[in-house]
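Here the sequence shown is numbered in numbering that gives the first Met the number 0, starting from 0 and rising by one per residue.
One structure below.
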Amino acid sequence: MANSTTTITSGQKDIHKSTEKKTIKIALGGNPNCGKTTLFNQLTGSNQYVGNWPGVTVEKKEGKARFQGREIIVSDLPGIYSLSPYTPEEIVTRHTLLHDNPDIIIDIVDATNLERNLYLTTQIQEIQRPVIIALNMIDLLEKRGDTIDCKVLEKRFGVPVVPISASKNTGIDTLMAKAIAIAEGGQQQPVQRLYSKKVERVIADIQEALFEVDGKEHLRFTAVKLFEGDSVTWENYKFNKQQQDHIEFHINEIETTQYIDREMIIADERYKFICATCERAVTKGHPQGYETMSDKADKVITNKYLALPLFLLMMFGVFFITFGPVGSYLKDGAEWLILDVLTPQVSSLLVSINASDWAFSLIIDGIIAGVGAVVSFLPQISILFLLLSILEDSGYMARAAFIMDKLLRMIGLSGRAFVPMLMGFGCTVPAVLGTRTLENEKDKRLTILITPFMSCSAKMPVYLLFISVFFNESSPLVIFSIYLLGILVAILTALIFSRTILKGKDAPFVLELPPYRMPSPKTLWLHVWERVKDFLVRAGTILMGAAVLIWFLQSFNFRLEQVSDSSQSILATIGIAIAPIFSLCGFGDWQSSVSLLTGIVAKESVVSTMTVLFGGDTSMISQVFTPLSAYSFMTFVLLYTPCVAALSAIGKEMGSRKWTAIAIVYQLAVAWVVSMLVFQIGSLFVG
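Printed below as a string of structure tokens:
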């Protein structure tokens, strides 16, 4: 885990051209949501995901940049509050800073939350590697009328301080020029003695003992961690009894006189130093107790009575805009381009070159029909991505996690689990990987189990296909109900498992609520483009391959003879064999069964398969489905096993074949039971 690295080599950015010099390794460290990934993207030209909420980066990422002729390797480290190795993010960051030997550490500090951010700065300094402080979000600080005297910070911490705005790309050239100069100087970070004389004496004694035990690297950092009682550090060094007793005696002596434990002694003295620094460096533009716009907005948005109704109203609004008149109009335009423009043009071209019947059928009925049916929903999917990105970047989604904490605790989960669950509405794969941030094994496995019930974007084309045929007048309400059903099933699942085989104590949930921000158009564009690009890549690879395979299987029998009636094909034979399983769910036809089977590869394949099977005319679906059986089918797609990529991620993060098998079997069973209940109970009312 500590060594997991994503390497990014594309989109390298040449800031200045000069002669080639040595490669410089830069590590970007800082608190969650302080702007590390934004700076990383500016330096490397990458498009890593950036969000206005904590915990977006869960592993180390590396990229390349060039500045003044230097080749630079930049590491974007997970956001942390401390260098104690308790969480996966802390383990990754601590290992990189201690053992990967970066030439310089750029400590990104959120200028709007200076006091909290500087706590990590005091720990990074103790590693005694070259450090420079990037005072980020200086534009937001100035906007609220506050100022920071960088000279005071430089004097107190003994390192250069450069004000920047990573989002607006200001101050970055100055930061890089200073960082490179320090890195090439190769000077060790001077020791800043911020503790009391008594504590400093004990730290010096521990450093002497470490030197005798062959601990010559990071002496001060290690000594402070030993003082704090860091269990991982104590395990790494084997002191003899005399040395250990000597260290313990002096630490116990300070604990006795100060009436607090050793870890609190260090934390207390760090904060005293930080508070004194902030008093000298920060000038407030408003009096004490002044309420910001974020404070005023939170009185309504996080109100215990209004928060949940507002959240549901917000989500319904997203679905109404996406699937209401605006989204439908754009989708009709995309369909017109594919069906009335592209298809006739390609047909004419194939006829003009005397293409064979099977080639004509493959291209028109297989590739264009199968892939085109999915791509026609791209406008609505793009709108959904845009609206969700606006909510994320504005800071609202962090509030949503806070709002949901109480509800999640009632079902046996920490509010921290809401973040990967929310990511599940985009894609299940990163959502499952996001459970790495959960410290509690019970929470992690339970969150992985229920995250696939969040309706990912790949399922959207399936819903849109059926809505366009059966529910055109009430599409926002139908979509909203599907999403809500997934959440309700996830809640019920969590209740059952947390009270039976996944019992355990709830992990504490601490979440920083970032200030509300106006989403950056550039950031929104990157968010939407990355997701749309992924969608198009899948359409051009997996879905095209699936469409060709489906066309072949529905055009030939087992003797590899081309058939005119698809009910005699290989595909029909397979579908007819498994169709009875779904008869109680209302879709016991072979076309539906086969579509669900291909959906395990990629959920969009359900649409490709059905479009190919119905000869490109999706309205033919009404001959096989009723509105009730269509809703039952959508329910099954919502709840059954996710795609193979997500299954791979589940297997990796579960770390157990047994639990992976439990997840797959459970999801299939839940999908069948719920869709069966939807159809059978619905039949009592609609006949």
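Each residue gets a CB set at the ideal place from its N, CA and C atoms; glycine is no exception.
Query raised in the report: Among Phe-551, Phe-210 and Gly-433, which has the Cα closest to the Cα of Ala-358?
Result: Position 359 of the sequence shown, counted from the first residue, corresponds to residue 358. Of the listed residues, the one whose Cα sits closest to Ala-358 is Phe-551.
Query raised in the report: Where does Ser-375 sit, in a helix, a strand or coil, going by DSSP?
Result: One-based indexing of the sequence shown puts residue 375 at position 376. Coil at Ser-375, not helix or strand.
Report task. Inspect the beta-carbon positions of Ser-631 and Gly-598 and report whether they are closer than 7 Å. Result -> Position 632 of the sequence shown, counting from 1, holds the residue named residue 631. Position 599 of the sequence shown, counting from 1, holds the residue named residue 598. Not in contact: Ser-631 and Gly-598 (Cβ atoms no closer than 7 Å).
Query raised in the report: Is Pro-53 helix, strand or coil when you go by DSSP?
Result: The count along the sequence shown starts at 1 and reaches residue 53 at position 54. In this prediction, Pro-53 has a pLDDT of 45, which is less than 50 and means its spatial position is unreliable; what the coordinates show is noted afterwards. Of the three classes helix, strand and coil, the one that applies to Pro-53 here is coil, per DSSP.
Query raised in the report: If you follow the beta strand (DSSP E) that Asp-564 is part of, which residue opens it and which one closes it?
Result: As a position in the sequence shown, residue 564 is number 565, starting the count at 1. Taken as a continuous stretch (DSSP letters only), Asp-564 belongs to no beta strand (DSSP E), as it is neither H nor E.
Query raised in the report: Mapping DSSP to helix, strand and coil, what is Arg-128?
Result: Here the question's residue 128 lines up with position 129 in the sequence shown. Arg-128 falls in the coil class under three-state DSSP.
Query - For Thr-291, the three-state DSSP class (helix, strand or coil) - result: Here the question's residue 291 lines up with position 292 in the sequence shown. Coil at Thr-291, not helix or strand.
Report task. Could you tell me if Tyr-639 is buried or exposed, where buried requires 16 or more neighbouring beta carbons within 10 angstroms of its beta carbon? Result -> Taking the first residue of the sequence shown as 1, we reach residue 639 at position 640. Tyr-639 comes out buried.
Query - Residues bridged to Thr-169 (per DSSP) - result: Here residue 169 refers to the residue found at position 170 of the sequence shown. Thr-169 pairs with Ser-164.
Query - Where Asn-116 falls: helix, strand or coil (DSSP) - result: Sequence index remark: in the sequence shown, residue 116 carries index 117 (1-based). The answer is helix: DSSP assigns Asn-116 an H, G or I state.
Requested in this report: Compute the distance between the beta-carbons of Ile-410 and Ile-490, then report whether it is under 7 Å.
Outcome: Residue numbering aside, residue 410 sits at position 411 when the sequence shown is read from its first letter. Residue numbering aside, residue 490 sits at position 491 when the sequence shown is read from its first letter. Taking 7 Å as the Cβ cut-off, Ile-410 and Ile-490 qualify as a contacting pair.
Requested in this report: Using beta-carbon positions only, say whether Gln-191 and Gly-157 come within less than 7 Å of one another.
Outcome: On the sequence shown, position 192 is the one that residue 191 refers to. On the sequence shown, position 158 is the one that residue 157 refers to. Taking 7 Å as the Cβ cut-off, Gln-191 and Gly-157 qualify as a contacting pair.
Query raised in the report: Cβ of Ser-164 within 7 Å of Cβ of Asp-138?
Result: Residue numbering aside, residue 164 sits at position 165 when the sequence shown is read from its first letter. Residue numbering aside, residue 138 sits at position 139 when the sequence shown is read from its first letter. For Ser-164 and Asp-138, yes; Cβs fall inside 7 Å.
Query raised in the report: To the nearest whole angstrom, what separates the beta carbons of Val-223 and Glu-125, a pair I think is in contact under 8 Å?
Result: In the sequence shown, residue 223 corresponds to position 224, counting from 1. In the sequence shown, residue 125 corresponds to position 126, counting from 1. So it is a contact: roughly 6 Å between Cβ atoms.
Query raised in the report: How many Å lie between Ser-467 and Thr-540 at the Cα?
Result: Residue numbering aside, residue 467 sits at position 468 when the sequence shown is read from its first letter. Residue numbering aside, residue 540 sits at position 541 when the sequence shown is read from its first letter. If I take the Cα positions, the gap works out to 25 Å.
Query raised in the report: Can at least three beta-carbon pairs, one atom from the segment 222-238 and one from the segment 206-213, be found at a separation below 8 Å?
Result: yes
**Report entry** Under the three-state DSSP convention, the category Tyr-48 falls into
**Finding:** Taking the sequence shown and counting its residues from 1, one reaches residue 48 at position 49. Residue confidence for Tyr-48 is low, a pLDDT of 46 falling below 50, so the modelled location carries little weight; the figure read from the coordinates is stated next. Tyr-48: coil per DSSP, three-state reduction.
**Report entry** Strand pairing of Thr-282, partner residues [DSSP]
**Finding:** Reading the sequence shown from its first residue, position 283 is the one you call residue 282. Its beta-bridge partners are Thr-146.
Query raised in the report: How many whole angstroms separate the CB atoms of Ala-176 and Ile-103, which I take to be in contact at a CB cut-off of 8 Å?
Result: Indexing the sequence shown from 1 puts residue 176 at position 177. Indexing the sequence shown from 1 puts residue 103 at position 104. Wrong, their Cβ atoms sit about 12 Å apart, outside the cutoff.
Query - Alpha-carbon spacing of Asp-588 relative to Lys-441, whole angstroms - result: Taking the sequence shown and counting its residues from 1, the one referred to as residue 588 is at position 589. Taking the sequence shown and counting its residues from 1, the one referred to as residue 441 is at position 442. Straight-line Cα distance between these residues: approximately 40 Å.
Requested in this report: Identify every residue that forms a DSSP beta bridge with Asn-32.
Outcome: Mapped onto the sequence shown, residue 32 falls at position 33. Note: Asn-32 sits in no beta bridge, so no partner.
Report task. Count the other CB atoms, across all protein chains shown, that sit within 10 Å of the CB of Pro-460; report buried if there are 16 or more and exposed otherwise. Result -> Sequence index remark: in the sequence shown, residue 460 carries index 461 (1-based). The residue in question, Pro-460, is buried, as its Cβ has 16 or more Cβ neighbours within 10 Å.
Requested in this report: Give the DSSP-derived three-state secondary structure of Asp-102 in the structure shown.
Outcome: Translated into the one-based positions of the sequence shown, residue 102 becomes position 103. In the structure shown, Asp-102 sits in coil (DSSP, three-state: anything other than H, G, I, E or B).
**Report entry** DSSP beta-bridge partners of Ile-71
**Finding:** Position 72 of the sequence shown holds residue 71. BP columns for Ile-71 point to Ile-23 and Ala-64.
Requested in this report: Give the DSSP bridge partners of Asp-109, in chain order.
Outcome: Stepping through the sequence shown from its first residue, residue 109 is reached at position 110. In the DSSP output, where bridge partners are listed per residue, Asp-109 has Asn-135.
Report task. Output the distance between the C-alpha atoms of Glu-141 and Cys-149, rounded to the nearest integer angstrom. Result -> Within the sequence shown, numbered from 1, the residue matching residue 141 stands at position 142. Within the sequence shown, numbered from 1, the residue matching residue 149 stands at position 150. If I take the Cα positions, the gap works out to 14 Å.
Query raised in the report: Given a threshold of 16 other Cβ atoms within 10 Å of its Cβ, counted over all protein chains shown, does Gln-553 qualify as buried or as exposed?
Result: For the purposes of this step, residue 553 is taken as the residue at position 554 of the sequence shown. Under this definition Gln-553 is a buried residue.
Query raised in the report: Is the CB-CB distance between Lys-59 and Ser-81 below 7 Å?
Result: Residue 59 sits at position 60 when you count from the first residue of the sequence shown. Residue 81 sits at position 82 when you count from the first residue of the sequence shown. No, these two residues do not count as a Cβ contact at 7 Å.
**Report entry** Exposed unless 16 or more other CB atoms sit within 10 angstroms - verdict on Gly-433
**Finding:** Within the sequence shown, the letter at position 434 stands for residue 433. Under this definition Gly-433 is a buried residue.
Query raised in the report: Could you give the distance in angstroms between the alpha-carbon of Cys-642 and the alpha-carbon of Leu-113?
Result: For the purposes of this step, residue 642 is taken as the residue at position 643 of the sequence shown. For the purposes of this step, residue 113 is taken as the residue at position 114 of the sequence shown. Each residue's alpha carbon lies about 43 Å from the other.
Query raised in the report: With which residues is Phe-555 paired in a DSSP beta bridge?
Result: For the purposes of this step, residue 555 is taken as the residue at position 556 of the sequence shown. Gln-561, per the DSSP bridge assignment.
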